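**Q** For the record, the sequence lines run as chains U and C. Numbered as in our numbering, the first sequence ends at 329 without a single skipped number. Numbered as in our numbering, the second sequence ends at 329 without a single skipped number. We put the beta carbon where it would ideally sit given N, CA and C, even for glycine. Quick caveat, the model's predicted, so the values are computed rather than measured. This structure is in structure tokens; I'll ask about it shortly.
2 protein chains.
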Amino acid sequence: MSGPSDQPHSPGRVTIGDVARLAGVSIPTVSKAINGRYGVAPATLKRVLSVVDELGYETSIVASSLRRQRTNVLGILVAEFEPFSVELLKGASTASSEKGYELLAYSSLSRGKSAIGWERRSLSRLAGTLIDGAIIVTPTVLAPIESIPVVMIDPHTGQEGSATINSDSFGGAQIATQHLIDLGHRNIAHIRGRGDLISARLREDGYRDALLRAGLQPRPENVRDGGYQFRQSAQATQELLTLTDRPTAIFAANDMSALGAMSAAQELGLTVPRDLSIVGFDDIPEARSSTPPLTTLVQPLQEIGVRAVHMLSDLLEGEDPPQPTYLSARLVVRGSTAPPPDLY
Amino acid sequence: MSGPSDQPHSPGRVTIGDVARLAGVSIPTVSKAINGRYGVAPATLKRVLSVVDELGYETSIVASSLRRQRTNVLGILVAEFEPFSVELLKGASTASSEKGYELLAYSSLSRGKSAIGWERRSLSRLAGTLIDGAIIVTPTVLAPIESIPVVMIDPHTGQEGSATINSDSFGGAQIATQHLIDLGHRNIAHIRGRGDLISARLREDGYRDALLRAGLQPRPENVRDGGYQFRQSAQATQELLTLTDRPTAIFAANDMSALGAMSAAQELGLTVPRDLSIVGFDDIPEARSSTPPLTTLVQPLQEIGVRAVHMLSDLLEGEDPPQPTYLSARLVVRGSTAPPPDLY
DNA sequence: GTGAAAGCGCTAACAC
DNA sequence: GTGTTAGCGCTTTCAC
């Protein structure tokens, strides 16, 4: 019922054309004014900006990204939103804004079947033009990605590529296990992480190595799959604690697993650390707020997010040295570890 | 050094043009084939799809969204990635994929100054054409947003608009406080949430109401700001616990605050719940894995994320009844509450 | 069944 | 200083 000219084309959407019309200038002039290019008269600039303000106009990320070569947006692709990836996100957010990038988080939401290769699909869609570069958290496949610069955090086995960030999983696992040995534990179990990730394998290796160095024979029944997840690890712990010769300590591959172990131990009526010592890995925030607070290997998760952004930023600026980064993990002894019961 | 025609234009980027060239058809034909439109010969279809597969082509979300009216992408805008918003994210992810939408999470990363109004800016940039609709978590301003359909979760005070999802904060707070009263507590403190959010105000009101109904006089010194945050709430708790007549129980406005309170209590050498009872609100995952597990009001966070997506989906399909949704909160008694010490 | 032409909102050359 | 022209990758009429 209303004429085509007395309202914006697309209802509710303010475009650069609307601004231009109201300011009485051409579209390119508005573009220049907004982007601070030279060649706009002060009076025009002022007028345009006031109209922009009035209309609440913001340039569409989509349209500009299609035209520009760089969009100033970084993408971070995660399989799932859990404490680990969320901590990375926080760091990445901070670093991005400091570096002048916007940040887009994209969860593949792949339930079941297509869980493998999610990052490839997501990347193709976004890398079109939306994001300049991407940070991929715990990717599943070793597909060589070439479309845009990519930094991987905790990569898949086989992806020892240069633009990766890893913590010192092997060394950390050694330290964790050694800590338990030093306390007097001899029967130490391990809850394994996600089998396809390098980190999980290295943590298991470090655990074994520490045992062997101490002259302890690793027992196959003492290693269970936790998949880096709470529930699965709780289940694994329940199994471990009902063994005939049950372990007095557990090194869990990450904090979520450790918290799962703690929960399972409690359900069986055990007290941590009196009856069972537990060490985690990561130092997610929840590790500090559990009771007892978790003894764990501190990974500077937010710092890793920051580093990833810096690496990506360097990559985008044409710098070549994407040296793989390894961050050392530091043991923090909190309340979940103590000498084994039989030494009391 | 290499000729301009023996490689794709933009290095590393596979476009629809590349597919068309390799398949020996025109660009529109490829488009039709990909999108399953009628009017493509079976042989052509097969050939095109095989090239698509070979090249690993995925249609650019950006380019297609610019042309299409609907993009099939939902945006979820959060101020920060913390357990609360992350749980919502999970639910939203699931629901989106079930409804056939992709999901984009966007964190405003506004540190300091421009924290107010972050959602407006983000929305303008994305609403351009990238996303069909948005879910905004705990927005800060009451700006009327008209560009695209929006659903708000836990809105700002004054935003009693229709497309909002709230939990029954008032009722929940009453129940939480009543639970403590029933246990025999008489000196009950409250750690307040983010002052500008309706939920925070209602929880404080519910707390007061329950006290008054029980004939207890609310004490001003017993209410402190926690800002829905761990650290700030720990600080507030430290203050509360050093009062001359210190409270025997705390109702915290959310779980992060409750966990902060628990941490502070421990640092002062108190045992929860023997020396201090604590009730939270939300039931974030960490509430279950803390020791003792937190007594709290269960909000189905993932369910809220799901509902938000459904509301948004309805809105996008032109349905009108965006009735404000209120979800009731249910008390779950875990290990952080007990009768006050003087009743032992 | 297929391709040529137009255009989404915007920015980058280049005229004027 | 400013506007005209062209084009990013894609989808959509509409001829052929």
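Would Ala90(C) count as contacting chain U if we go by Cβ distances under 8 Å?
**A** As a position in the second sequence, residue 90(C) is number 105, starting the count at 1. Yes, contact with chain U.
**Q** Cβ of Met137(C) less than 8 Å from any chain U Cβ?
**A** For the purposes of this step, residue 137(C) is identified with residue 152 of the second sequence, where counting begins at 1. Output row for Met137(C): interface = no.
**Q** Does the Cβ of Val294(U) have 16 or more other Cβ atoms within 10 Å, making it buried, or fewer, making it exposed?
**A** As a first step, residue 294(U) is located in the first sequence; it is residue number 309 there, counting from the start. The residue in question, Val294(U), is buried, as its Cβ has 16 or more Cβ neighbours within 10 Å.
**Q** Drop a sphere of 10 angstroms on the beta-carbon of Lys75(C), count the other beta-carbons inside from all chains shown, and report buried for 16 or more, exposed for fewer.
**A** Taking the first residue of the second sequence as 1, we reach residue 75(C) at position 90. Label assigned to Lys75(C): buried.
**Q** Cutting at 8 Å between CB atoms, please list the residues of its own chain near Leu301(U), excluding the five before and the five after it.
**A** For the purposes of this step, residue 301(U) is taken as residue 316 along the first sequence, with counting starting at 1. Excluding residues within five positions, the ones whose Cβ falls inside 8 Å are Arg55, Asp117, Gly118, Pro134.
**Q** Among the residues of its own chain, which have a CB less than 8 Å from the CB of Lys84(U), if the five just before and after it don't count?
**A** Translated into positions along the first sequence, residue 84(U) becomes position 99. Taken in chain order, the residues that qualify are Val294, His295, Ser298.
**Q** Alpha carbon to alpha carbon, how far is Lys31(C) from Thr227(U)? Give it in angstroms, no decimals.
**A** Start at 1 with the first residue of the first sequence, and residue 227(U) comes out as number 242. Start at 1 with the first residue of the second sequence, and residue 31(C) comes out as number 46. Thr227(U) and Lys31(C): Cα-Cα distance of roughly 57 Å.
**Q** Where does the unbroken alpha helix (DSSP H) through Leu88(C) begin, and where does it stop?
**A** In the second sequence, counting from the first residue as 1, residue 88(C) sits at position 103. Looking at the DSSP string, Leu88(C) is not in any alpha helix (DSSP H); the run it does join, the beta strand (DSSP E), is 87 to 92.
**Q** What's the call for Val318(U), buried or exposed, on a 16-neighbour Cβ count within 10 Å?
**A** As a working mapping, residue 318(U) is identified with position 333 in the first sequence. By the neighbour-count rule (16 or more Cβ atoms within 10 Å), Val318(U) is not buried but exposed.
**Q** Answer yes or no: do Gln217(U) and Glu72(U) have a C-beta to C-beta separation smaller than 8 Å?
**A** Sequence index remark: in the first sequence, residue 217(U) carries index 232 (1-based). Sequence index remark: in the first sequence, residue 72(U) carries index 87 (1-based). Contact: no.
**Q** Measure from the C-beta of Leu111(U) to each C-beta in chain C and report whether the shortest distance is under 8 Å.
**A** Against the first sequence, residue 111(U) aligns to sequence position 126. So, interface residue.
**Q** Measure from the alpha carbon of Ala332(C) to the alpha carbon of each residue in Pro309(C), Val63(C), Phe215(C), then state which is nearest.
**A** Nothing can be reported for residue 332(C): it is not among the residues displayed for chain C, which extend from -14 to 329.
**Q** Could you run through the stretch 189 to 218 of chain U and flag, in chain order, every residue whose CB is less than 8 Å away from some CB of chain C?
**A** Per Cβ criterion, the list reads Phe215.
**Q** List the endpoints of the continuous alpha helix (DSSP H) containing Val4(C).
**A** The residue given as residue 4(C) occupies position 19 in the second sequence. Residues 1 to 8.
**Q** Would you identify the three-state DSSP class for Arg171(C), choosing helix, strand or coil?
**A** Position 186 of the second sequence, counting from 1, holds the residue named residue 171(C). Note: Arg171(C) maps to coil in three-state DSSP.
**Q** From Ser(-5)(U) to Tyr86(U), what distance separates their C-alpha atoms?
**A** As a first step, residue -5(U) is located in the first sequence; it is residue number 10 there, counting from the start. As a first step, residue 86(U) is located in the first sequence; it is residue number 101 there, counting from the start. Caution is warranted here: a pLDDT of 49 is assigned to Ser(-5)(U), below 50, making its placement in the model unreliable, and no coordinate value can be reported.
**Q** Which one or two residues does DSSP pair with Arg209(C) in a beta bridge?
**A** Counting from one through the second sequence, the residue named residue 209(C) turns up at place 224. Looking at the DSSP assignment, Arg209(C) forms a beta bridge with Ile176(C).
**Q** Would you say Phe236(U) faces chain C, with C-beta separation under 8 Å as the test?
**A** If you number the first sequence from 1, residue 236(U) lands on position 251. With 8 Å as the cut-off, Phe236(U) does not count as an interface residue toward chain C.
**Q** Could you tell me whether the Cβ atoms of Ala237(C) and Val208(C) are closer together than 8 Å?
**A** If you number the second sequence from 1, residue 237(C) lands on position 252. If you number the second sequence from 1, residue 208(C) lands on position 223. No, Cβ-Cβ distance for Ala237(C) and Val208(C) is not below 8 Å.
**Q** I'd like the list of long-range same chain contacts for Lys98(C), defined as Cβ closer than 8 Å, with 5 residues on each side in sequence excluded.
**A** The count along the second sequence starts at 1 and reaches residue 98(C) at position 113. In this prediction, Lys98(C) has a pLDDT of 46, which is less than 50 and means its spatial position is unreliable; nothing more can be read from the coordinates.
**Q** What are the boundary residues of the beta strand (DSSP E) that Ala237(U) is part of?
**A** Start at 1 with the first residue of the first sequence, and residue 237(U) comes out as number 252. Per DSSP, Ala237(U) belongs to the beta strand (DSSP E) from 234 to 237.
**Q** Any beta carbon of chain U sitting closer than 8 Å to that of Phe66(C)?
**A** Taking the first residue of the second sequence as 1, we reach residue 66(C) at position 81. Interface residue, yes.
**Q** In chain order, what residues of the stretch 247 to 265 of chain U put their CB closer than 8 Å to some CB of chain C?
**A** Listed by position, the residues of the stretch 247 to 265 of chain U near chain C (Cβ gap below 8 Å) are Met247, Ser248, Gln251, Val257.
**Q** Once you ignore the five residues that flank Ala234(U) on each side, which residues in its own chain have a CB closer than 6 Å to its CB?
**A** Residue numbering aside, residue 234(U) sits at position 249 when the first sequence is read from its first letter. Within the same chain, Ala234(U) has close Cβ partners Leu165, His170, Ile173, Ser262.
**Q** Bridge partners of Val291(C), per DSSP?
**A** As a position in the second sequence, residue 291(C) is number 306, starting the count at 1. Beta-bridge pairing links Val291(C) to no other residue.
**Q** Answer with yes or no whether the minimum CB distance from Lys75(C) to chain U is below 8 Å.
**A** Taking the second sequence and counting its residues from 1, the one referred to as residue 75(C) is at position 90. Yes, Lys75(C) lies at the interface with chain U (some Cβ there is under 8 Å from its Cβ).
**Q** In angstroms, rounded to a whole number, what distance separates the CA positions of Ala26(C) and Ala18(C)?
**A** Taking the first residue of the second sequence as 1, we reach residue 26(C) at position 41. Taking the first residue of the second sequence as 1, we reach residue 18(C) at position 33. Their backbone Cα atoms lie some 9 Å apart in a straight line.
**Q** Can you name the residues that DSSP bridges to Arg315(U)?
**A** By 1-based counting over the first sequence, the position of residue 315(U) is 330. In the DSSP output, where bridge partners are listed per residue, Arg315(U) has Val283(U).
**Q** Counting C-beta neighbours from all protein chains within 10 Å, is the total for Asn151(U) 16 or more, i.e. buried, or is it exposed?
**A** Reading the first sequence from its first residue, position 166 is the one you call residue 151(U). With 16 or more other Cβ atoms within 10 Å, it is buried.
**Q** Using a Cβ cut-off of 8 Å (strictly closer), state whether Val71(U) contacts chain C.
**A** If you number the first sequence from 1, residue 71(U) lands on position 86. For Val71(U), the answer is yes, since a Cβ of chain C falls inside 8 Å of its Cβ.
**Q** Give me the Cβ distance between Tyr91(C) and Leu89(U), rounded to the nearest whole Å; I'm assuming they're in contact under 8 Å.
**A** Residue numbering aside, residue 91(C) sits at position 106 when the second sequence is read from its first letter. Residue numbering aside, residue 89(U) sits at position 104 when the first sequence is read from its first letter. About 6 Å separates the two Cβ atoms, so the contact holds.
**Q** Can Pro270(U) and Ser321(U) be called in contact, C-beta distance under 8 Å?
**A** Here residue 270(U) refers to the residue found at position 285 of the first sequence. Here residue 321(U) refers to the residue found at position 336 of the first sequence. No, the pair does not count as a contact, with Cβ atoms beyond the cut-off.
**Q** Using beta carbons (cut-off 8 Å, strictly below), is Pro114(U) in contact with chain C?
**A** Taking the first residue of the first sequence as 1, we reach residue 114(U) at position 129. Note on residue identity: the sequence assigns Thr, not Pro, to residue 114(U). Chain C, which has a Cβ nearer than 8 Å to the Cβ of Thr114(U), makes this yes.
**Q** Tell me, please, which residues DSSP counts as bridged to Phe266(U).
**A** As a working mapping, residue 266(U) is identified with position 281 in the first sequence. Partner(s): Leu282(U).
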